[in-house]
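Mapping of the sequence shown onto our numbering: residues 1402 to 1586, in sequence order. Positions of the beta carbon are idealized from the N, C-alpha and C atoms, including for glycine. Computed from a predicted model, the values in this text were never measured in an experiment.
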Amino acid sequence: MRLLRSLDLKQKSFVTVVKVIKFPFLSGIILLLITGITGCTEETAQLTKGQATPVFDLPKIQQGSLHFPKDVQNKVIAIRFWADWCPFCKTEMRDVEPVYQEYKDQGLVILAINVRQNQDTVQAFIKDLNISYDVLLDESGEIARAYGVSGLPITFFMGREGTLQTRILGESTPEIFESIIQELL
């Protein structure tokens, strides 16, 4: 009988401990969900169709730098924001290379802007991708914020007049990418 009471007390103590732990744990989970939903991120701009896109000067991985839009005037431009931790970015970077090869002589420019990573990390990532379009570094994330980037990958498409025409947030296919390019050319 004494053993049963001892077990009963231990069981009650265990239940009490579980209740005490459960409340903060659940509160923590709820807090994480709320901050994730509201976006525990910095305030970003929201670009709309027909709007001129932000101007920037960024270093190229290959060499030199790119002055946007001055260096790419009268071109159809796809600006792709990415990072090496993004599971879809590597596949998409490879997938758009054939589209770039097919349309670059008609005025297509692809700018792959890496967000908040250093040059060594980016060079290691793109080493085996065999891509020929420009890869740029936005180490501070300032340009990504100016474009309103809140998730990766994201691609912004500009027509020859230099204004935003459309964007794709998240994973895409080469067919969708190509159909947008064809409309803009």
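Status (buried if at least 16 other CB within 10 Å, exposed otherwise) for residue i
{"i": "L1459", "result": "buried"}
{"i": "T1556", "result": "buried"}
{"i": "R1344", "result": "Outside the displayed span of the chain (1402 to 1586) sits residue 1344, for which this structure offers no information."}
{"i": "E1503", "result": "exposed"}
Beta bridge counterpart(s) of residue i as assigned by DSSP
{"i": "V1509", "result": "According to the sequence provided, residue 1509 is Leu. The question's Val does not apply to it. According to DSSP, which records beta bridges pairwise, L1509 is partnered with V1477."}
Coarse secondary structure for residue i, derived from DSSP in three states
{"i": "I1577", "result": "helix"}
{"i": "V1536", "result": "strand"}
{"i": "T1522", "result": "helix"}
{"i": "V1516", "result": "strand"}
{"i": "K1491", "result": "helix"}
{"i": "Q1566", "result": "strand"}
{"i": "A1446", "result": "coil"}
{"i": "P1455", "result": "coil"}
{"i": "K1461", "result": "strand"}
Alpha-carbon spacing of residue i relative to residue j, whole angstroms
{"i": "S1533", "j": "E1584", "result": "23 Å"}
{"i": "W1486", "j": "Q1507", "result": "32 Å"}
{"i": "A1484", "j": "I1544", "result": "14 Å"}
{"i": "L1565", "j": "I1478", "result": "9 Å"}
{"i": "G1563", "j": "H1468", "result": "13 Å"}
Range covered by the alpha helix (DSSP H) that runs through residue i
{"i": "I1555", "result": "Careful: I1555 lies outside any alpha helix (DSSP H), inside the beta strand (DSSP E) at 1555-1559."}
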